[in-house]
Amino acid sequence: MENTSFGRRTLITGSLAAAALVPLASCATGGSTGTSSASAGASSADNPFGMAASGTVDAVIFNGGYKTDYVDFAGTQLTKKFSGVTVKVSPSTQIAQELQPRFVGGNPPDIVDNSGAGAIGMSTIVDQLEDLTSVLAVNSYEGKKLSDTVYEAAIKSAGTYNGKLAAVNYAMTIYAYWYSAWLFSANGWTPPKTWAEALDLGAKAKAKNKYLMLFGKEAATYYLTTLIASAIMEGGNDVRLSLENLKPDCYSQQAVVDSFKGLEAIIKAGYMKPGGSGTQFTAAQAQWSNTQDALLYPSGGWIENEMKSQTKADFQLTGCNEFTVTSSPKMPAGSLHATAGEPFVVPSKGANMAGGKEVLRAMLSNAAATNFAKTRLALTVVKDTVPADGFGSTALVSQSKLLAAAGNNTFSWQFIDYYGINKANLVVMNSFLEGQMSADDARKGLQAIVDKVANDSSVKKLQVS
Amino acid sequence: MSAAFGGASGPTPWPVTSLPRAPKHRAGRWRRNLTFDKISLFVVFLGLPLALYITFVVSPLIQAVSYSFTDWSGFTPDFKPVGFANYVKILGDDTFQKAMYNNALLAVVVPLIIIVLSLALATMVTVGGAGTGQIRGIKGAGFYRVISFFPYAVPAIAIGIMWNLIFDPSSGLVNGILTGLGFSSFHLFPWLGNIHTAMPTMMFVIVWGFVGFYMVLFIAAIKGIPAEIFEAARIDGAGRLRTALSITLPLIRENVQTAYIYLGIMAIDAFVYAQALNPQGGPNNSTLTMSQELLTTAFQKGEFGVACAMGVIMGLMTVLFAALVFTVNRGTGGRDRITLA
Chain L
210 MENTSFGRRT LITGSLAAAA LVPLASCATG GSTGTSSASA GASSADNPFG
260 MAASGTVDAV IFNGGYKTDY VDFAGTQLTK KFSGVTVKVS PSTQIAQELQ
310 PRFVGGNPPD IVDNSGAGAI GMSTIVDQLE DLTSVLAVNS YEGKKLSDTV
360 YEAAIKSAGT YNGKLAAVNY AMTIYAYWYS AWLFSANGWT PPKTWAEALD
410 LGAKAKAKNK YLMLFGKEAA TYYLTTLIAS AIMEGGNDVR LSLENLKPDC
460 YSQQAVVDSF KGLEAIIKAG YMKPGGSGTQ FTAAQAQWSN TQDALLYPSG
510 GWIENEMKSQ TKADFQLTGC NEFTVTSSPK MPAGSLHATA GEPFVVPSKG
560 ANMAGGKEVL RAMLSNAAAT NFAKTRLALT VVKDTVPADG FGSTALVSQS
610 KLLAAAGNNT FSWQFIDYYG INKANLVVMN SFLEGQMSAD DARKGLQAIV
660 DKVANDSSVK KLQVS
Chain U
39 MSAAFGGASG PTPWPVTSLP RAPKHRAGRW RRNLTFDKIS LFVVFLGLPL
89 ALYITFVVSP LIQAVSYSFT DWSGFTPDFK PVGFANYVKI LGDDTFQKAM
139 YNNALLAVVV PLIIIVLSLA LATMVTVGGA GTGQIRGIKG AGFYRVISFF
189 PYAVPAIAIG IMWNLIFDPS SGLVNGILTG LGFSSFHLFP WLGNIHTAMP
239 TMMFVIVWGF VGFYMVLFIA AIKGIPAEIF EAARIDGAGR LRTALSITLP
289 LIRENVQTAY IYLGIMAIDA FVYAQALNPQ GGPNNSTLTM SQELLTTAFQ
339 KGEFGVACAM GVIMGLMTVL FAALVFTVNR GTGGRDRITL A
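Top to bottom, those sequences are chains L and U.
Under my numbering, read the first sequence as residues 210 to 674, first letter to last.
Under my numbering, read the second sequence as residues 39 to 379, first letter to last.
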């Protein structure tokens, strides 16, 4: 090795080179501030947002369980009405990574389906989004006022951030325990209503060499969802508020403690299939839907679509409500954890921002909503789009039934998605479900995650009441 | 030319009164030498790579360092400088500390295992053959060379996805073979979900992917050593292990050093393997790497300034590792230059 001395000359040359490159330091945030919104035409009853008569609408849509063709359908509906406008749909699985440069550069898309594991945290961009109350105030393509034809309460509760309706969530997601009606009727089983009943069912399942439940490592927090739902049904709205506002004792509330104990008993009895913490989640779900190693699986209504190609024939997918702790919970019977999912946002700086709102209007109209329900076998936030036979889907029928039984008693929570703590929760839940952590330690671990956010002054908190 | 000496056109009187002067228009001579060939050479082989290097390597590095001192969210053009607050935040964060520890563990263990294994294989393939006759490798050495390179030809993400399935607790090959052999305790055993086996499993996958490439690298290095040296050692009675440790290893010292540094750089990153095998960080974050934490912080939490600080720390760790390797190499006799001619 040659001797390289680091002399004065090297130092000076190096410093000069470094100094010459300093102006490059802020390149990432530079760039044009983007063109202002396309010259808005005059607004009329037919064109309430003043969209330009010709042009394209740039739509970036999350390509997940619901695919993206329902937006294409809405786009063709829009083009039928406004012949000069086309909707360009770009599917994406990593919304945050793809759109970060566009948001910084000031030229975001016109409408975004901000969903999936790679979604942008709402708190990060909420100031750059349009208030979509203006969209609900106009008429649909069928001539009825939009706010009358949709589940307005669900939309408002899922998409309001600090007083602004920043997102219109499109899919009505029901959370339930899913099972095979065929398997249950063949064995004379009934879906359980409380954790204790679930434990009994687990014993019966064991006799038939099946597990009661299973999980996959990326979806271990599906069980956290059922635990929180169970606690809220048992303890009422106060339980929800304590969690949403990140209180230091939110995971120590009695209802929460009891729910965790209920699941712990199932795990301790060996009714939760082991190995889930090393299994990829769709592979685990296939073990439930195809080989039927387990009876129940907690998920949202997207499960039918997601596992369509891996479900045993004549499975008869049906949903039952999540368990309560006792048989006399605080919330009325039939209360359902349901929320509007698939948040659609319209960035204020989009080149054709009016077009983005128009696409939303097209999607919320009856034609597009019925198409979604028919092709995705899932509910939208638009009322009365599903016939009684559920387009032949047992899961859709049971979703409608659960929603009808719930009436106005649907509830949900935002704090996990808003603060982006799902990833940290996964670590705790994987250990808990694998039997490596007690219920008390799991609650402590989850509380620590919440406390970290609560004590972090750089994070803007959501005030929930 | 003789006019320059100021003498007559006859033979020059001795001694010469003035030294020959350098041609006046030096720049002119230099400019005359600038042919199209030379200019295009500079531009294509020097200018273009330099421009690419500055744009895609140096500039982002500088930007990352400067953004690490701000509170940039990554999704708006505005930001404020916050000094060292980001560094204080991440160095005190227990998740990031765990990630740093995991990367340090990887950097210590993985290069060592890969180098030892690939050196062993390389010596066997080149000089580990019969103890008599010509110096050659073991029987079938050519075949081993070819197949051991295959894992490196597979993209890292494909390796990760593949091994994820092979280690699947219910339907994976590993558990299937082990339970088939009678080890019933491995029924439904989560290799990637058990806190004691998750990290060793990931290390195994990384080692599997790289041994072939470094074996080929060391084979090339060992082939550069003249066979007479090995014959002389053999005559002096050196066995295979002795030859490997005292003859082969010192003579390919620089190759080992380079390989060590490359592997250290890979281990301090290790993003593809960690993300493919355990995207949520592993049981109790036991396989979480700094690069995964960086991605989460940047895109899920919208804190680009903090993420840049993490990146700077990763860079510093890499530089520290390289310096350590150089020092160890110097310290163990690398200072002496060995010539083989």
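By construction, the Cβ of each residue, glycine as well, lies at the ideal position given by its N, Cα and C atoms.
Q. What is the C-beta distance between Leu-362 (chain U) and Ala-137 (chain U), in whole angstroms, given that I count them as a contact (C-beta under 8 Å)?
A. Wrong, their Cβ atoms sit about 20 Å apart, outside the cutoff.
Quiz item: Excluding the five sequence neighbours on either side, which residues of its own chain have a C-beta within less than 8 Å of the C-beta of Asp-409 (chain L), listed in chain order?
Solution: Pro-401
List, in chain order, every chain L residue whose beta-carbon is nearer than 8 Å to that of Trp-229 (chain U).
Gly-487
> Between the region 333 to 344 of chain L and chain U, which residues of the former have a C-beta closer than 8 Å to a C-beta of the latter?
Replying inline: Thr-333, Ile-334, Asp-336 and Gln-337
In chain L, what lies closer than 9 Å to Gly-220 (chain U) by C-beta? By Cβ distance, chain L contributes nothing, its closest Cβ being about 19 Å from Gly-220 (chain U), past 9 Å.
Listed from N- to C-terminal order along the chain, which residues in the region 191 to 215 of chain U have their beta-carbon within a distance smaller than 7 Å of any beta-carbon of chain L? Asn-202, Phe-205, Asp-206, Pro-207 and Ser-208
Outcome for Leu-129 (chain U) when other beta-carbon atoms lying within 10 angstroms are tallied against a minimum of 16: exposed
Practice problem: Measure the CB-CB distance between Phe-620 (chain L) and Leu-455 (chain L) and report whether it falls below 8 Å. | Solution: no
Would a check of beta-carbon distances place Gln-306 (chain L) closer than 8 Å to chain U? yes
**Prompt:** Can we count Ala-597 (chain L) as close to the ligand NAD, meaning its CB is less than 7 Å from some heavy atom?
**Reply:** Judged by which ligands are present, the structure shown has none, so any question about the ligand NAD falls away.
**Asked** Identify the residues that DSSP records as bridge partners of Trp-622 (chain L): which are they?
**Response** Partner(s): none; Trp-622 (chain L) has no beta bridge.
- Measure from the alpha carbon of Glu-339 (chain L) to the alpha carbon of each residue in L:Asn-580, L:Gly-564, L:Gly-629 and L:Asp-593, then state which is nearest. L:Gly-564
ask   = What does a CB cutoff of less than 8 Å around Gly-169 (chain L) pick up in its chain, not counting 5 residues either side in sequence?
value = For residue 169 (chain L) there is no data in the structure shown, the boundaries of chain L being 210 and 674.
_Which residues does DSSP list as the beta-bridge partners of Met-481 (chain L)?_
L:Met-422
Discussion item. Any C-beta of chain L within less than 7 Å: which residues of the region 290 to 305 of chain U qualify?
Written reply: none
| message | Helix, strand or coil, according to DSSP, for Tyr-460 (chain L) in the structure here? | response | helix
Checklist entry - Within the 8 Å Cβ cut-off, does Phe-312 (chain L) reach chain U? => result yes
Q: Verify the CB distance criterion: does Lys-76 (chain U) have a CB-CB separation below 8 Å to chain L?
A: no
Requested in this report: Figure out for me which residue from L:Lys-419, L:Val-555, L:Leu-392 and L:Ser-640 has the closest Cα to the Cα of Asp-523 (chain L).
Outcome: L:Leu-392
Relative to the alpha-carbon of Thr-161 (chain U), which residue among U:Gln-313, U:Gly-340, U:Arg-183 and U:Asp-116 has its alpha-carbon at the smallest distance?
U:Arg-183
Checklist line | Of the listed residues U:Lys-339, U:Pro-321 and U:Phe-337, nearest to Leu-635 (chain L) (C-alpha basis) | finding: U:Pro-321
Subject >> Nearest candidate by alpha-carbon position, reference Lys-470 (chain L), set L:Ser-332, L:Asp-649 and L:Ser-537 >> reply: L:Asp-649
(request) Report the rounded CA-to-CA distance for Leu-450 (chain L) versus Tyr-460 (chain L), giving the unit in angstroms. (result) 12 Å
Point to revise | Chain-ordered residues of the region 323 to 356 of chain U with a beta carbon less than 7 Å from chain L | key: Asn-323, Thr-334, Phe-337, Gln-338, Lys-339 and Gly-340
field: Separation of Ala-375 (chain L) from Val-280 (chain L), as counted between CA atoms
entry: 19 Å
Q.
Tell me which residues share the same chain as Ala-414 (chain L) and place their Cβ nearer than 6 Å to its Cβ, disregarding the 5 neighbours each side in the sequence.
A. Leu-421 and Leu-504
Length of the line joining the Cα atoms of Val-344 (chain U) and Asn-124 (chain U) = 5 Å
Assuming Val-357 (chain U) and Val-103 (chain U) form a contact by the criterion Cβ under 8 Å, report the distance between their Cβ atoms to the nearest whole angstrom. Their Cβ separation, rounded to whole angstroms, is 13 Å, which puts Val-357 (chain U) and Val-103 (chain U) out of contact at 8 Å.
- Item | Beta-ladder partner(s) of Ser-389 (chain L), from DSSP | L:Leu-526
Report task. Starting from Gly-111 (chain U), find everything on chain L with Cβ-Cβ shorter than 8 Å and list it in chain order. Result -> The identity of residue 111 (chain U) in the sequence shown is Ser, whereas the question assumes Gly. Going along chain L in sequence order, the residues near Ser-111 (chain U) (Cβ under 8 Å) are Thr-333.
Who are Phe-271 (chain L)'s beta bridge partners in DSSP?
L:Ser-301
Exercise for the section: Please determine, among L:Val-465, L:Ser-498 and L:Tyr-627, the residue with the shortest C-alpha to C-alpha distance to Gln-656 (chain L). Expected result: L:Val-465
Review point. Is Met-381 (chain L) near Ala-547 (chain L), with beta carbons less than 8 Å apart?
Key: yes
According to DSSP, what are the bridge partners of Ala-380 (chain L)?
L:Gly-550 and L:Thr-589
| Ordered along the chain, which non-local residues of its own chain (more than five positions away) have a Cβ less than 8 Å from that of Ser-674 (chain L)? | Leu-450
Check: Bridge partners of Pro-556 (chain L), per DSSP?
Finding: L:Leu-338
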